Structures are given as C-alpha cells and as structure tokens.
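Count along the sequence shown from 1, then add 41; that gives the number in this note's numbering. By construction, the Cβ of each residue, glycine as well, lies at the ideal position given by its N, Cα and C atoms. Here the structure is a predicted model, which means the values were calculated and not measured.
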Amino acid sequence: MSSPSPVKPNILALIPAFNEEVGVADVIHGASKYLPVLVVDDGSHDRTAQIAEEAGAVVLRQVPNQGKGAAMRAGFQYALQNGYAGVITLDADRQHNPDEIPIFFDCYTQTQADLIIGARDFRKMPIVRRCSNTIGRVMFSWALGQKDRDNQSGYRFISNRLMEKLIGSTERGFEFEVEMLAVCVKLGYRLEWVTIQTIYAGEKSHIVPLRHIVNWFRIIAKTRRIMRTSN
C-alpha cells in the first residue's frame with residue numbers, strides 16, 4: 042500500500058507584478074503546481090493582468106501604480122480574509138524558480154517560522170548588484186543587530202500573524218520587504234533562511250537609483266529606531 046501524499050500547508054502564492062507580461066505566465070504556471078496563485082497587478086500599462094488571468098491566477102488590480110510594498114499588502118489582505126496560514130511571495134520576472142516552493146514548505150513544517158527568506162548567492166549576481174547588495178547587507182545587519190543574509194530577496198514565506206502586523210505599514214516600495222525583517226525580529230517572531238538559486242537573465246529593474254539610495258538610508262535609520270524602541 043502506497044503512503045499518503047503529504048498534506049500541503051494552507052498557503053497562497055502571492056506575485057506582485059508591474060509591467061511583467063513577458064514572464065508572469067511562466068511564474069504562475071510553475072507556482073500553481075504547488076499552490077493557489079494570486080497576482081496583484083500594480084497599475085501595469087501592458088497586458089500583465091490579462092495574461093495572469095488567462096494563466097489561471099486570481100488577479101487584483103491596483104490602480105494607479107503604488108509600489109511593491111502596497112501591492113504586497115493588498116495580497117496580504119486577500120490572504121487574511123480568505124483564511125490562509127501564510128503566503129509565499131515570488132517576483133514576476135522569473136528570477137525565482139517556483140520549483141523551490143517545497144523548500145519553503147519543508148522549512149515551515151520543521152520550524153513554524155513566521156518569516157522564511159530565500160537567500161541568494163551574491164557571487165552569482167552581476168557585479169553592480171553584487172556590490173550594492175553586499176554593502177546593503179552589512180549596513181542592515183548593523184541596524185538589525187543580527188546577521189542578515191539577504192534583506193531584499195523577494196522570495197519569502199510570511200505567516201498570517203506577521204501579515205497582520207504589517208498591514209498598517211506605510212512603506213510602498215522595496216523598503217517594505219526590509220521593514221518586514223525588523224518587525225519580525227522586534228516582535229520576537231521566528232526568522233529562518235533557506236538557500237535559493239540566483240537567477241539573472243537581463244531583466245529590467247524598476248529601481249530608480251538616486252531614490253533607492255535615499256530610501257535605503259531612511260529605512261536603515263528606521264530599522265535602527267525600531268530595534269532600539271522598548272516594547
């Protein structure tokens with residue numbers, strides 16, 4: 042008699058997307074082998090939302106563009122309203138391999154962590170990104186008060202109780218993902234890391250360099266304040 046298939050956790054795949062008509066269907070098809078999929082279309086000007094729906098995802102449309110952080114919170118709201126235990130977030134540009142979703146399942150089953158982040162190998166990044174991510178990781182480790190392996194990886198698991206704590210955030214862009222770590226650690230929730238593939242294939246970045254730098258120093262200072270504030 043064959044053993045029963047393992048029960049999948051009640052988790053939702055959440056894909057924030059902005060002008061990602063080229064790759065979003067591939068990500069949806071890959072993720073849907075493991076989880077139901079929600080795409081939050083963040084005011085795209087292309088066919089992202091239509092293609093996502095045709096690929097079988099539930100689609101929320103956020104108009105106008107409000108930033109990745111706002112898109113993720115819209116997804117969190119949906120997940121909480123529909124009783125999910127957590128979400129696994131993937132970027133829509135094919136930089137995350139959906140077949141690594143079981144790695145997050147395994148870690149969650151073993152640890153019941155509230156935040157599990159997929160850490161990339163910086164040595165496999167383009168030189169400019171490798172330098173910026175390495176410097177950022179050192180700075181954020183200082184602000185957080187503990188070692189940070191990859192604060193800007195978009196491949197992560199977030200539990201429902203941590204989502205509830207993050208719904209009120211005002212961070213709209215990448216800073217939201219960084220703030221997430223500080224909130225998790227400050228609350229005493231469990232943070233875990235898993236190793237994921239590092240995939241780059243010439244995808245266009247949505248980051249505006251000067252704005253990114255200014256906001257990065259702001260979120261570092263904010264993290265330092267969060268960690269120093271008494272509970």
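Leaving aside the five residues that flank residue 70 on each side, the residues in its chain whose CB is nearer than 7 Å to its CB run, in chain order, 96. Going by beta carbons, residue 127 and residue 199 fall inside the 9 Å limit.
Of 210, 227 and 193, the smallest CA-CA separation from residue 234 is found for 193. Contact between residue 83 and residue 59 holds, since their C-beta atoms are separated by about 4 Å, short of 8 Å. Per DSSP, residue 194 has no beta-bridge partner at all.
Assigned with DSSP and collapsed to three states, residue 82 falls in strand.
For residue 69, the enclosing alpha helix (DSSP H) has its first and last residue at 65 to 72.
With 16 or more other Cβ atoms from the protein chains shown falling within 10 Å of its own Cβ, residue 218 counts as buried. Within its own chain, the residues whose Cβ lies closer than 7 Å to the Cβ of residue 67, once the five positions on either side in sequence are excluded, are 135, listed in chain order.
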